[in-house]
Amino acid sequence: MLTHLDSQGRASMVDVTDKAVTAREATAEARVRMLPQTLQMIQQGGHPKGDVFAVARIAGIQAAKKTHELIPLCHPLLLTSIKVELQADGEDSVLIRATCKLAGQTGVEMEALTAASVAALTIYDMCKAVDRGMVIEGVRLLEKLGGKSGHWQVPT
């Protein structure tokens with residue numbers, strides 16, 4: 000059942016008024032593939048625009064807080080924790096993991112996915128002058144906890 004459709008099939012925001020407030024958490028990831036020399040430049044702090052990981056981390060955090068402004072049917076949420084972690088993965092990619100938490104009536108999957116996506120886009124934006132061939136891939140939910148549906152984790 001698609002929860003964002005009303006009885007006439009029109010898009011609508013889900014009414015969460017009667018849902019219990021529970022602890023909720025979600026973790027998502029994204030990957031940015033790039034030339035090895037681009038990753039080296041990032042790691043060595045040689046980027047003329049500054050610390051790429053720091054800027055991408057802040058962008059991801061800001062994006063999570065603004066998810067309801069970007070995704071039309073998302074609820075505005077009072078997030079209690081947003082963590083965006085970036086790390087080199089191999090010689091040619093950056094792995095981004097974003098985790099969002101709250102005590103609320105609806106989940107935080109979209110916030111975690113938005114944080115990971117925008118952090119990846121920020122890396123692209125900061126590095127496009129030296130590497131236009133970067134690829135953003137693998138944006139996905141890894142895990143969610145809380146709510147009526149409970150715990151879900153990506154199958155391994």
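With numbering that gives the first Met the number 0 applied, the sequence shown closes on residue 155, and no number is skipped along the way. A virtual CB, placed ideally from N, CA and C, is assigned to each residue, including glycine. In this text, all values refer to a predicted model and were calculated from it rather than measured experimentally.
| Asked | Found |
| --- | --- |
| Coil, strand or helix - ALA102 by DSSP | strand |
| CB contact flag (ILE95, GLY49, <9 Å) | no |
| Neighbourhood of VAL54 by C-beta distance below 7 Å, restricted to the same chain and skipping five residues each side | THR121, MET125 |
| Chain-order list of residues whose beta-carbon lies under 7 Å from that of ARG32 (same chain, five-residue window excluded) | ASP91, SER92, MET133, VAL134, GLU136 |
| Neighbourhood of ALA62 by C-beta distance below 6 Å, restricted to the same chain and skipping five residues each side | THR113, ALA114, VAL117 |
| Terminal residues of the alpha helix (DSSP H) in which GLN86 lies | Taken as a continuous stretch (DSSP letters only), GLN86 belongs to no alpha helix (DSSP H), being part of the beta strand (DSSP E) at 80-87. |
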